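Numbering (my numbering), first residue to last: 6 to 612.
The C-beta atom is built at its ideal place from N, Cα and C for all residues, glycine as well.
Keep in mind that this is a model prediction, so the values were computed, not measured.
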Ligand SMILES: Cc1cc2nc3c(=O)[nH]c(=O)nc-3n(C[C@H](O)[C@H](O)[C@H](O)COP(=O)(O)OP(=O)(O)OC[C@H]3O[C@@H](n4cnc5c(N)ncnc54)[C@H](O)[C@@H]3O)c2cc1C
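Below is the structure:
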């Protein structure tokens, strides 16, 4: 009997036997997916703008801040960057910059048309361009002001595992390369094409494989297709009273397949876990056939765990087509909270003790003083009672409590669970916070902090119109090294910046976004004003690399959740021994000898 005959494929169905298995109705392709901007982050109906009054405003009505004027924002930007930013001086985007003609042989084209419908094949220039980048500052700058370079030659939209398998066969037969595409939200140049790739590049956009195939309420599992976008997964599961609990800040646009391929982390990981804790099984179309297993058990000891190879594979080993994930009942209670601390150090100590003495809430985030001020600068204009209330609050915090405006920081919290769990956690959190000089700042500020995350994602592209380039990067680091790492990175960036005689001051800020018993994830924002500089994206990269060097020198990891892609691959030899790197390359060569999955992320460009 051959191994394919003994393999019990059918058993991969959900194990529930008591009638609690739900097969949701297939959802039509979500129309909102088409409503995403191609040239900037987010939905087409939302963007930052400057109002007739000269104030920053968020257009549209999707978010809480939408339609509101933010009069403090521009003055604050001028103050922090020490530049005379004039909203009438616009660095007008030239999107779309040059897009190379597709290289697609008629044989390959015919072969694709043999099993895909016309609507599943797209060679439109802007679509191809969008599939050749994520959201790094360099990429966003390139599509507006310079050139992205090589982009995929064709974008295809498979609708089933069978079609994905046929894509693999077709690409092999026609010497093409496949690059899986989820939501295109990565920030590591993971989708960027090599300029010297001679083969046709087929971008495999998974958006039509977006179904929740089944929900097993008895065993709390769900099988979901890899192209499902986070916000749809949340909305669909919610209908059945359950959640996956994975909420990266990009949840509106990133996909299950992308999360697995980048080893993502969500803001509520304290309660639900990171992606690797949540995914029990994956189906993957590889160059050698389908990687799948006959069963999905709670935990196993069955030799080397091949599923682990797929986490963080960044499109280099195959296409994740579906995954079995853990689900949880929707929390009975959800409460937001916030605490002010007199200093970052005080807030940091609070977080440390929280991981020692209590169960941290689903999410706990600590911003430094500059980021705290950033949040204040994004407060809408308030008049009458609102203004009075803010004045009284400010008076109380600074005069009565003695917090210094240029030192104080904020911690935002999300509690989820049963009512009792939430109450217990709240008691513990605030008890520890008060011990560290913390002052409760209310649930409304906490809620606002989290909601702000979604609007803030739009700011970077808006500011680029006014000669400001900015981006985030992150790391994880032990508790003992974390504070020094923050200081070192900020100091290094400031020094590198002034050494280059760049205009004004850079914007460098940090927040702690995730806590573990062993350490934290630290997330930096860095930006500067670039008017008069011809290659800001290159200078940014140099500076970010300097920051990364400092991170590694200070004991931090290369990345906590963004990944490596092409952006950080040069640093791999600093964190892995030559043998470790060779193992990775050997694995890639063995599993995909023709480099069919030629995204070339990490050090896996084996051409
Ligand atoms: C504003 C913003 C906020 C963010 N917040 C977070 C956050 O909180 N946490 C976090 O972890 N990340 C975050 N990110 C980074 C990004 O959202 C994640 O890396 C995300 O997991 C990428 O998913 P995607 O579906 O967009 O993948 P893409 O960007 O489309 O692809 C990323 C990589 O995965 C591969 N890939 C995609 N789908 C598949 C598949 N089905 N099979 C195999 N390979 C595949 C691609 O080839 C590529 O190499 C953020 C990014 C932005 C811009």
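Scanning its chain for C-beta atoms nearer than 7 Å, with the 5 sequence neighbours on each side dropped, one finds around residue 377 the residues 413, 414, 415, in chain order. If you check the C-beta of residue 196 against ligand 1, you find a heavy atom less than 7 Å away.
Excluding residues up to 5 positions away in sequence, 495, 498, 531 lie with their Cβ nearer than 6 Å to the Cβ of residue 513 in the same chain. Shortest Cα-Cα distance from residue 386 to any of 51, 30, 59 involves 59. The beta carbons of residue 231 and residue 327 sit closer together than 8 Å.
Looking at the DSSP output, residue 469 sits in no beta bridge, so it has no partner there. Residue 253 has its Cβ nearer than 7 Å to a heavy atom of ligand 1. Ligand 1 approaches residue 566 closely enough that one of its heavy atoms is under 7 Å from the residue's Cβ. With a contact defined as Cβ atoms closer than 8 Å, residue 182 and residue 206 qualify at about 5 Å. Looking at the backbone, the Cα of residue 247 and that of residue 424 are separated by about 17 Å.
Straight across, the Cα-Cα distance linking residue 276 with residue 592 is about 34 Å. Residue 525 and residue 336 have their alpha carbons spaced roughly 25 Å apart.
The beta carbon of residue 185 sits closer than 7 Å to at least one heavy atom of ligand 1.
Within 7 Å of the C-beta of residue 272 there is at least one heavy atom belonging to ligand 1. Secondary structure at residue 296: strand, using DSSP grouped into helix, strand and coil. If only complete runs of 4 or more residues are kept, the segment 532-581 shows the alpha helix (DSSP H) at 541-558, 577-580, in order along the chain.
In the structure shown, residue 60 falls within a coil segment according to DSSP collapsed to helix, strand and coil.
Residue 223 and residue 245 have their C-alpha atoms some 13 Å from each other. The C-alpha of residue 536 lies about 19 Å from the C-alpha of residue 100. Distances from the CB of residue 191 to the heavy atoms of ligand 1 include at least one below 7 Å. In the structure shown, the three-state DSSP call for residue 226 is strand. One alpha carbon belongs to residue 420, the other to residue 451, and they sit about 11 Å apart. Excluding the 5 residues flanking it on each side, residue 351 has same chain C-beta neighbours closer than 6 Å at 441, 442, in chain order. Distance from the CA atom of residue 403 to the CA atom of residue 187, rounded to whole angstroms, is 47 Å. When the alpha-carbon of residue 579 is set against those of 211, 550, 596, the nearest one is in 550. In the three-state DSSP reduction, residue 245 falls in the coil class, being neither helix nor strand. Closest option to residue 455, judged by alpha-carbon separation, among 504, 61, 42, 368: 368. Boundaries of the alpha helix (DSSP H) harbouring residue 484: 484-504, taken from the DSSP string. Look at the beta carbons and you see the segment 79-98 not touching the segment 480-488: under three pairs across the two are nearer than 8 Å. Distance from the CA of residue 445 to the CA of residue 27, rounded to the nearest whole angstrom, comes to 43 Å. Residue 563 and residue 370 have their C-alpha atoms some 21 Å from each other. Contact between residue 53 and residue 63 is confirmed by a C-beta separation of about 6 Å, below the 8 Å threshold.
When the beta-carbon positions are compared, residue 133 and residue 202 stay at least 8 Å from each other. Contact annotation: residue 463 and residue 81 have beta-carbon atoms that are not nearer than 8 Å.
Runs of the beta strand (DSSP E) lying entirely within the segment 264-338 and spanning at least 3 residues, in chain order: 284-291, 294-296, 324-331. Going by beta carbons, residue 605 and residue 316 fall outside the 8 Å limit.
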